[in-house]
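In the order they appear, the protein sequences are chains A and B.
First residue of the first sequence? That's 1 in the working numbering, and the numbers climb one at a time after it.
First residue of the second sequence? That's 217 in the working numbering, and the numbers climb one at a time after it.
Heads up, the thing below is written out as structure tokens.
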Amino acid sequence: MAGAAIIQEAIHRPGEFMLPLILAVLAAGDGDLLARLQRRDPQALAELYDRYGGIVFRLILRMVRDSGTAEDLVQETFLRVWNRAGGFDGERGAVGPWLLAVARNRAIDHLRARGGRAENTIELNEIENPALFAAAASDPLHFDLARHVKQALGRLTPQQREAIELAYFEGMSQTEIAERMGQPLGTVKTWMRRALELMREVLPSTLARGGGAVAP
Amino acid sequence: MNCDELRPDYLLYALGTLEEPERGELRAHLDRGCESCTAGLHEARAIAFGMGASVEGPAPPRQLRGRVLAIAGPQQAGLWSGLKPWAVVIALVLVFSVVLIGQAYRFLHEKKALRSEIDRSHTEAAALGEALAVIQAPDTREVTFGQGQPSPPRGRVFFHPTSVLLIASNLPQPPAGKTYEMWLIRGGKPAPAGLFSPNDQGNALHLFHPPSAPVQRDIVAVTVENSAGVEAPTSTPIIVAPF
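And the structure:
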């Protein structure tokens, strides 16, 4: 199965003829991978790491900005997924979005502890519930999506982009973002609304407004 | 709030950072099975994944893979985890081969010991057969010794034109480093006639082929000597049997 390096190549070199082929290959094995994770097959964990380890590490490193801490949190992330894979509907969902949600939450937990931040509105356990990702599109489509989102982020104004990134990478509420940026809450909400509209515009039609039952 | 008013909040809800009262409003829509908000949240989760997956940076350290795989247990991170199936097969074949070689070596060793035991039994059987032939031969003369003596040993010597056979009982075990040596004394001059040891019951059978046929007045004697044997007796005989 293709590893994280191939996936990253696909993301960073869009439009090349290899991308559809890679996506098709990736799509074939995900259900089987989840099923084997649920049976606690060690080889499935190895394949999961080979496929997503690089992405998870880069995301966490971007958030905590320390390589040693990032390694610890990557291990915690895969441990959590390994122990909770039984709650995932492997026939319908995609493991990638769930895995990244777990990784992001581990990093936000760490940032909170390090910064002495009080609990805010984020509900980590709720948003990483495997059932929420049961109707997600297959991982290959999500990898293609990453390319589109990256392009969309490049089109945002600096303020829009900063607001979105504070919400995503630091887990801040709009109130906290407004305080951090020294702007009125209404202004921040306007920036973020516009940013979200821009990103929705770049979604592939297979994902945008794709429907399907999603657990609340 | 209606769905259009909630639409800008889908991403924050997906990220877990939406505040009240908007969070409660959106949750109420989802709890009612609102298709529009459900689809919008699905889309927001896709965007969230896209943001995480688009982060650039260095590759993870090589050792991190081992740390993660250790989660599945020591067998995963240890001996077998990184092995391909063919490597496992080769390892098993090697282990099996070592066991087989060990077994074969043990069998060969046992076979050698058994062969040695059989050879020894054949030698003893041959000696017994030869002794029996000497005893039964018509031209064999028999001499008894030790009868009426206050202490053992006792037995007989069979003189045959080609052999001299000693059969003794009640022989004490010789001291360490010593053995019994038989002599054939002719004309008052002792000649070595072989070394022997009694069995655990103190019995002994010793057959000697003299260079010439025994004659009248030849004497068979037995002394205790060094285990390597000597050319002339050095101790008092414990057996004396004149022909």
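Just so you know, even glycine gets a beta-carbon here, dropped at the ideal spot from N, CA and C.
Using a Cβ-Cβ cut-off of 7 angstroms, Gly186(A) is close to nothing in chain B; its nearest Cβ partner there is about 12 angstroms away. Scanning Val64(A), Gly53(A), Arg62(A) for the CA closest to the CA of Pro277(B) turns up Gly53(A).
Rounded to the nearest whole angstrom, the CA to CA distance from Pro458(B) to Gly403(B) is 12 angstroms. Just measuring C-alpha positions, the residue of Val202(A), Glu179(A), Ala46(A), Leu166(A) sitting nearest Leu280(B) is Ala46(A).
Taking Asp355(B) as the centre and dropping the five residues before and after it, the same chain places the C-beta of His376, Pro377 closer than 8 angstroms to its C-beta, in chain order. For the stretch 307-321 of chain B, the set of residues with a beta-carbon nearer than 7 angstroms to any beta-carbon of chain A is empty. The shortest CA-to-CA distance from Val438(B) to any of Pro368(B), Pro427(B), Ala392(B) is the one to Pro368(B). Neighbours of Glu47(A) in chain B, taken as residues at a C-beta separation under 9 angstroms, are lacking, since the least C-beta distance is about 11 angstroms. Take the alpha-carbon of Val350(B) and the one of Ala342(B): they are about 12 angstroms apart. The beta carbon of Ala35(A) sits no closer than 8 angstroms to any beta carbon of chain B. Exclusion of the five residues before and after Cys219(B) leaves Ser252, Cys253 as the residues of its chain whose Cβ lies within less than 6 angstroms of its Cβ. Unbroken alpha helix (DSSP H) stretches of 4 residues or longer found wholly inside the stretch 229-270 of chain B: 238-247, 251-269, given in chain order. With a threshold of 16 other beta carbon atoms within 10 Å, Lys150(A) meets it and is buried. Contact of Leu100(A) with chain B is assigned, a C-beta pair being separated by under 8 angstroms. At a cut-off of 8 angstroms, the C-beta of Ala163(A) has no neighbouring C-beta in chain B. Put simply, of Tyr396(B), Ala444(B), Pro430(B), Ser379(B) the residue whose alpha carbon is nearest the alpha carbon of Pro453(B) is Tyr396(B).
For a cut-off of 8 angstroms, the C-beta gap from Met63(A) to Ala113(A) is around 13 angstroms, too long to register as a contact. Looking at the DSSP output, Asn442(B) shares a beta bridge with Lys394(B). What Trp82(A) touches in chain B, judged by beta-carbon distance under 8 angstroms, is Ile287, Ala288, going in chain order. For Thr190(A), the enclosing alpha helix (DSSP H) starts and ends at 185-201. A residue is called buried once 16 or more other Cβ atoms fall within 10 Å of its Cβ, and Asp32(A), having fewer, is exposed. Bounds of the alpha helix (DSSP H) holding Thr69(A) are 67-84.
Of the candidates Arg261(B), Cys250(B), Arg223(B), Asp247(B), Arg261(B) places its Cα closest to the Cα of Ala146(A). Glu358(B): member of the beta strand (DSSP E) spanning 357-361, first to last residue. Here DSSP, grouped into helix, strand and coil, assigns Pro449(B) to coil. The Cβ of Ala264(B) sits closer than 8 angstroms to at least one Cβ of chain A. With a cutoff of 8 angstroms on beta-carbon distance, Leu111(A) and Glu162(A) are scored as not near each other.
When Tyr168(A), Gln174(A), Ala195(A) are compared, the shortest CA-CA separation from Gly186(A) is found for Gln174(A). Residue state for Ile317(B) is assigned as helix, using DSSP reduced to three classes. For Glu179(A), there are no neighbours in chain B by C-beta distance under 9 angstroms, as the nearest C-beta there is about 13 angstroms away.
With respect to the 8 angstroms criterion, Tyr226(B) and Leu246(B) are not classified as neighbours on the basis of their beta carbons. Contact note: Val74(A) reaches chain B through Pro276, Leu280, Arg283, Val284, using a C-beta cutoff of 9 angstroms and chain order. Not a single C-beta of chain A is nearer than 8 angstroms to the C-beta of Pro237(B). Measuring C-alpha to C-alpha distances from Gly362(B) to each of Val380(B), Leu387(B), Leu330(B) identifies Leu387(B) as the nearest.
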